[in-house]
Structures are given as structure tokens and as C-alpha cells.
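K.L.:
Numbering (the UniProt record's numbering), first residue to last: 1 to 229.
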């Protein structure tokens, strides 16, 4: 099996994070922005990442492109680790509320990281052109509004933290859930924002999930208050 991904795609990170919890042998294949695997060109009308490609006994390719369905499929190849494959309502709402402001903060910063998906001049140009259109302003303009966007994001992070069942995970009293895989994938990208200050709880959560899933963060986390362990 092969999993085609962008490193910064949170839906891809959901699947990569799940794989980190398991002993499944899946080859992770980073793609360049604008690139389409030959399999996708032959089999799919519209290509998106993540894409899981597996092959049946007759060599016929089977492609999956929805992150939660991919996780469900992989989890049922062995003893299942997850008890559900849909996000809880409060977590889904909290993540959705962050997406617009997160995009305005993240897209201008992504070219500063050595992301495989932005590994060519053409890919970088395509990425910037498409993302400028999505956020409705230039990257420079968005960066100039960093303080305002962080002020908007901070209470949304507090709301997200309030609906997470953090302590049992941090105290090793429970394993990761589908909610954790989704939340970690979104928060991991926010570690690109060097100006963002994190609560002790979310910092510990990110560190724990990164350790569990073997998926590294992008940067060192600043904290809001002293005394974090």
C-alpha cells in the first residue's frame, strides 16, 4: 500500500498519525503541489490528498481519498484501535471555527518551511497564487495582520481545549481517539506560527501526540504562562 500526501495537509496528517500508532506497513509518498500520480490520472476524475493506493489479488488498483474512510479501512486490517471514525460534534465545530483565521496565518508562512509539496519553483508559484485567492489578500498583507489574527485565534484555541479530554491522555489513562488524530493534525500546522503562545495543556497535548504518532511538530512552542512541565 502507498499513501500519497502533502506534509502540511491536516487530512494527510490524520492518516499518517494513525499509521504511527500501528505496525502497518504503508509507504508514505510525498507529492509536489500540482503533481498527480499516474494512478490518479487513470482512475480518478478529481485528485485530492491523502490518497491510499492498494492492489487486489489481480493487481487492480483500489484508491481511497477520504481521510476518515482511509483510517477506518486501515484500522480494520488488524485488531481495531479506534472505537469510532467520525469526529464528535463539539470537536468538529471547534475545528471548523478555526479554519478561516488559521489559513490566513498559515499559508503565508508555509513557504518558509522546507515542505516537500513546495519543493519546486512551479509548485511554490501555484501554491501562492491559489492561496492568495483563497484568503483574499497577499501573503505580505496577511503577515502584516498577524497580531489581529492571533487575537482572533486565541479564544478559539481555548474553546477547543475545553472540549478535549486532555488529562486522561496525558496521564496515560487512555489512548488516542479519532478526535485526537484530527485535532493534532490541525494544531501541528499551527506550530509554524512562531508568535503563537500556547497554554500548558495544549503544549503538553501536542508533545504527547507527536510522541505517540511519531509525527514531528514544525517548531518550538512558546507558552502563555510559566510553570509548564
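Ideal Cβ placement from N, Cα and C applies to all residues, glycine included.
1) Pick from 92, 109, 123: whose alpha carbon is nearest that of residue 36?
2) Alpha carbon to alpha carbon, what distance is there between residue 197 and residue 147?
3) Residues in the same chain with beta-carbon distance under 8 Å from residue 210, minus the five sequence neighbours each way, listed in chain order, please.
4) Hey, is the stretch 158 to 169 in contact with the stretch 83 to 102, meaning 3+ C-beta pairs nearer than 8 Å?
5) Quick check: what's the CA-CA separation for residue 129 versus residue 116?
6) Tell me whether residue 188 sits in a helix, a strand or coil according to DSSP, three-state version.
7) Can you say whether residue 78 is buried or exposed, counting buried as having 16 or more other CB atoms within 10 angstroms of its CB?
8) Is it the case that the Cβ atoms of residue 126 and residue 34 are separated by a distance below 7 Å?
9) Do three or more CB pairs link the stretch 17 to 24 to the stretch 93 to 107 at distances below 8 Å?
10) Return no unless some Cβ of chain C is closer than 7 Å to the Cβ of residue 101.
11) Counting C-beta neighbours from all protein chains within 10 Å, is the total for residue 142 16 or more, i.e. buried, or is it exposed?
12) Please classify residue 238 as buried or exposed, where buried requires at least 16 neighbouring CB atoms within 10 angstroms.
13) With DSSP run on the structure shown, which of helix, strand or coil describes residue 203?
14) Suppose you measure from the CA of residue 54 to the CA of residue 180; what does that come to, to the nearest Å?
15) Under 6 Å Cβ to Cβ from residue 68, same chain only, skipping five residues before and after it: list those, please.
16) List the DSSP bridge partners of residue 52.
17) Helix, strand or coil for residue 90, going by three-state DSSP, please let me know.
18) State the Cα-Cα distance for the pair residue 134 and residue 72, rounded to the nearest angstrom.
19) Give me, in chain order, the residues of the same chain whose beta-carbon lies closer than 8 Å to that of residue 228; leave out the 5 immediate sequence neighbours on both sides.
20) If the criterion is Cβ atoms closer than 7 Å, does the pair residue 49 and residue 18 meet it?
21) With respect to the beta strand (DSSP E) encompassing residue 28, which residues constitute its N-terminal and C-terminal limits?
22) Please classify residue 194: is it buried, with 16 or more other beta-carbons within 10 angstroms of its beta-carbon, or exposed?
23) Please work out which residues of its chain come closer than 8 Å, Cβ to Cβ, to residue 31, disregarding the five sequence neighbours upstream and downstream, and give them in chain order.
P.N.:
Checking against the coordinates, here is how it stands:
1) 123
2) 12 Å
3) 184, 188, 216, 217
4) yes
5) 18 Å
6) helix
7) exposed
8) yes
9) no
10) Looking for chain C here will not work: only one protein chain is present.
11) buried
12) Summary: the structure shown does not reach residue 238, with the chain confined to residues 1 through 229, and so no result is reported for it.
13) helix
14) 26 Å
15) 85
16) 3, 64
17) helix
18) 31 Å
19) 200, 203, 204
20) no
21) 27 to 30
22) exposed
23) 4, 5, 6, 37, 49, 116, 117
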